[in-house]
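Participant: Letter by letter, the sequence shown follows residues -19 to -1, 1 to 198 of mature numbering (1 follows the signal peptide of the UniProt record, and there is no 0).
Beta carbons are placed, not taken as given, at the ideal position from N, Cα and C, and that holds for glycine.
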Amino acid sequence: MFILKLALLALPLATGVLSHGRISTSNRYPSTDRYPAARSSHHRKSKSHHSRKYKKPSNSYFGPGQYLIENVATGTALDLYLGNPGPDTTINAYAPTITNEHQIWHIVAADANKQVLIINSATGAIASCPTEANENGLLQLTGGEVAIDGNALFTLISNSDKSVQFQNVADPDLCLDVQDSSVNDGTPIICYPCHPDVGENQNWNLVPAGSDSSEEL
């Protein structure tokens, strides 16, 4: 009986010790109820559409549309002589004037391989490399009503400075070139052996002239 009384007296003390132990344990290892799982996502950075960077064009060509075609070396532009629709009107280099219709050209996509036609906006004359040299021994670019073939098609080649080269499709060794890099008005635009690493007289900046930029052949 005495032993039973001792056991009953000791029971509250043991219960308190165990309870104290549980409190101590919970202080060392806090309940996850105080740190709900949802809070773990609080510091995540949300992806906003504003963080997307605008992808700039790889060159000065923004797609089919109207452009002034300006030479990097000389600052002069492709000009259809006197705005004559042809046939065989010479195309020369003149000081650029964005309001001069002789100098505004539709660059029209011909296929998916960056091949384009260069068509004068005012006359519809199509720029084309001739198959034979003229009396001056030059393959001078001309404009007129021509067959849509490799002589009138050009592949756009991108340069690191955002300018482009126009490489003839019929003869890929030929590119549009300002003869002798001359800055003089009336200098012939010729189809000349490509030299991408020498000089800039075959490099062209395409200056948008407004109008429809979605026209395709």
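(1) How long is the line joining the alpha carbons of residue 135 and residue 157, rounded to whole angstroms?
(2) Just reading off the beta strand (DSSP E) that residue 79 is part of, what are its end residues?
(3) Is it buried or exposed, residue 153, if we count other Cβ atoms within 10 angstroms and call 16 or more buried?
(4) Starting from residue 146, follow its DSSP beta bridges and name the residues at the other end.
(5) Which of the three DSSP states is assigned to residue -18 in this structure?
(6) Answer yes or no: the CB of residue 51 versus the heavy atoms of the ligand MN, is any distance below 7 Å?
(7) Please report the distance separating the alpha-carbon of residue 46 from that of residue 137.
(8) Can the beta-carbon of residue 50 be found less than 8 Å from the beta-carbon of residue 86?
(9) How close, in whole Å, do the beta carbons of residue 120 and residue 155 come, if the pair is a contact with beta carbons under 8 Å?
(10) Buried or exposed, going by whether 16 or more other CB atoms sit within 10 Å of the CB of residue 112?
(11) Might you give, ordered along the chain, the residues of its own chain that have their beta carbon closer than 8 Å to the beta carbon of residue 131, omitting 5 neighbours on each side?
(12) Roughly how far, in whole angstroms, is the beta-carbon of residue 108 from the beta-carbon of residue 122, given that I think they are within contact range, below 8 Å?
(13) Look at the Cβ atom of residue 160, then the Cβ atom of residue 184, and state whether they are nearer than 8 Å.
(14) Would you check if the distance between the CB atom of residue 57 and the CB atom of residue 75 is smaller than 8 Å?
(15) Please report how far the alpha carbon of residue 140 lies from the alpha carbon of residue 189, in whole angstroms.
(16) Shortest alpha-carbon distance to residue 162 belongs to which of 91, 54, 94?
(17) So what's residue 160 in DSSP terms, helix, strand or just coil?
Facilitator: Looking at the coordinates:
(1) 9 Å
(2) Per DSSP, residue 79 is not a residue of any beta strand (DSSP E), being assigned neither H nor E.
(3) With fewer than 16 other Cβ atoms within 10 Å, it is exposed.
(4) Residue 146 pairs with 138.
(5) With a pLDDT of only 44 at residue -18, under 50, the local geometry of the prediction cannot be trusted, and the value read off the model is given with reservation. Three-state DSSP puts residue -18 in a helix.
(6) With respect to the ligand MN, the structure shown offers nothing to examine, as it has no ligands at all.
(7) 14 Å
(8) yes
(9) 7 Å
(10) exposed
(11) Counting only residues of its own chain and dropping the five nearest sequence neighbours on each side, residue 131 has a CB closer than 8 Å to the CB of 149, 150, 151, 152.
(12) 6 Å
(13) Cβ atoms of residue 160 and residue 184: not closer than 8 Å.
(14) Yes; because the gap between Cβ atoms is below 8 Å, this pair is in contact.
(15) Each residue's alpha carbon lies about 18 Å from the other.
(16) 54
(17) helix
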